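K.L.:
So that we are looking at the same thing, I have put the structure below in structure tokens.
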Ligand code: HEC
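Residue numbers (my numbering): 34 to 150.
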């Protein structure tokens with residue numbers, strides 16, 4: 034009995050550690066978009082470490098340490114870095130992704146921040 038409870042707790046902790054994306058379709062979609070569009074620059078862990086980061090100046094942001102709120106994050110994703118006074122190395126995404134897809138990927142990035150190491 035106590036053993037089962039411990040196992041249950043361990044499983045919960047594991048799921049929680051993996052992020053909330055297993056439960057929420059919006060976050061699942063966001064993770065999928067992140068993995069297909071963003072990791073090339075921001076890295077598989079979203080910490081700004083990637084092969085491209087070695088040569089890109091300014092480097093891709095460490096999204097786990099982002100101090101922007103969701104609105105500011107959505108703005109830079111939608112319109113690109115240059116439109117918000119940052120580097121044009123951050124591409125414009127509103128021509129590639131729908132508003133819903135941008136909402137999803139921004140929500141996903143928000144959960145990474147919450148789980149920052
Ligand atoms: C071609 C490389 C590249 C790709 C692909 C890319 N980014 Fe970026 N991104 C950057 C760079 C470079 C910066 C930093 C710009 C600066 O500091 O002026 C940045 C900054 C950001 C920021 C601002 C973070 C902060 O706190 O300042 C967010 C949010 C962001 N990117 C999200 C995304 C998302 C989501 C995707 C995928 C849809 C993505 N990026 C794809 C290069 C990229």
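Cβ atoms here follow ideal geometry from the backbone N, Cα and C, with glycine treated the same way.
Quick caveat: nothing in here was measured; it's all calculated off a predicted structure.
Are residue 66 and residue 130 touching if we call contact CB-CB under 8 Å?
P.N.:
Against the chain shown, residue 66 aligns to sequence position 33. Against the chain shown, residue 130 aligns to sequence position 97. Yes, these two residues count as a Cβ contact at 8 Å.
K.L.:
Going residue by residue through the region 89–135, where are the continuous alpha helix (DSSP H) segments of at least 4 residues, counting only ones entirely within it?
P.N.:
Whole alpha helix (DSSP H) segments, 4+ residues: 103–116.
K.L.:
Compute the beta-carbon to beta-carbon distance between residue 108 and residue 59, rounded to the nearest angstrom, for a pair I have assumed lies under 8 Å.
P.N.:
In the chain shown, residue 108 corresponds to position 75, counting from 1. In the chain shown, residue 59 corresponds to position 26, counting from 1. So it is not a contact: roughly 19 Å between Cβ atoms.
K.L.:
Return yes when the C-beta of residue 143 is under 7 Å from any heavy atom of the ligand HEC, and no when it is not.
P.N.:
The sequence position of residue 143 within the chain shown is 110, counting from 1. Incorrect: residue 143 has no Cβ contact closer than 7 Å to the ligand HEC.
K.L.:
Which residues in the same chain as residue 80 place their Cβ atom closer than 6 Å to its Cβ, once the five residues preceding and following it in sequence are excluded?
P.N.:
Looking up residue 80 in the chain shown gives position 47. Taken in chain order, the residues that qualify are 95, 97.
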